[in-house]
Amino acid sequence: MDEETLKHRVAVDATMGGNGAINSKFLVNRTGLESGSFRAHQEKLEKLLREGLDVQWGHALDEVKEIDGDMALCFQNG
1 MDEETLKHRV AVDATMGGNG AINSKFLVNR TGLESGSFRA HQEKLEKLLR EGLDVQWGHA
61 LDEVKEIDGD MALCFQNG
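So, in structure tokens, the structure goes:
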């Protein structure tokens with residue numbers, strides 16, 4: 001997904017045609033480079049990140065291990 005599509009989907013002011021722009025005087029940027037930061041609506045961002053995933057709430061991660069070059073997540077409660 002390109003940056004403009006991301007901003008269109010999750011920016012706090014996206015419903016008004018905005019892109020979540022932050023006034024640069026409020027950003028701490030010691031490198032002198034322009035920041036790509038923007039304000040995102042938390043619920044919209046979480047929904048986007050969950051797309052295509054079967055998220056099971058109420059589970060606790062116990063361990064992350066590598067098996068045959070793949071990563072496996074082991075949960076305390078299944």
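When we follow this note's numbering, the leftmost residue of the sequence shown carries the number 1, and every step to the right adds one. Backbone N, C-alpha and C fix where the C-beta goes; we use that ideal spot for every residue, glycine too. Note that the structure is predicted; figures quoted are calculated from it, not measured.
Please go through the same chain and pick out, in chain order, the residues whose beta-carbon is closer than 6 Å to the beta-carbon of residue i, but skip the five residues on each side of it.
| i | result |
| --- | --- |
| Val12 | Gly20, Arg39, His41 |
| His59 | Phe75, Asn77 |
In whole angstroms, give me the CA-to-CA distance for residue i and residue j.
| i | j | result |
| --- | --- | --- |
| Leu49 | Gln76 | 23 Å |
| Glu63 | Leu73 | 6 Å |
| Lys65 | Met71 | 6 Å |
| Gly18 | Asp54 | 31 Å |
Need the endpoints of the alpha helix (DSSP H) that residue i sits in, please.
| i | result |
| --- | --- |
| Leu61 | That residue, Leu61, is in no alpha helix (DSSP H); its beta strand (DSSP E) goes 61–67. |
| Leu45 | 42–50 |
Near residue i, which residues of its chain fall below 8 Å by C-beta distance, leaving aside the five closest residues on each side in sequence?
| i | result |
| --- | --- |
| Trp57 | none |
Which residue comes first and which comes last in the beta strand (DSSP E) that contains residue i?
| i | result |
| --- | --- |
| Leu6 | Premise fails: Leu6 lies in the alpha helix (DSSP H), 3–10, not in any beta strand (DSSP E). |
| Leu73 | 70–75 |
Applying the 10 Å Cβ sphere with the 16-neighbour rule, what's the burial state of residue i?
| i | result |
| --- | --- |
| Lys25 | exposed |
| Lys7 | buried |
By Cβ distance, which residues of its chain are closer than 7 Å to residue i, with the 5 residues on each side in sequence left out?
| i | result |
| --- | --- |
| Lys44 | Arg9, Val10 |
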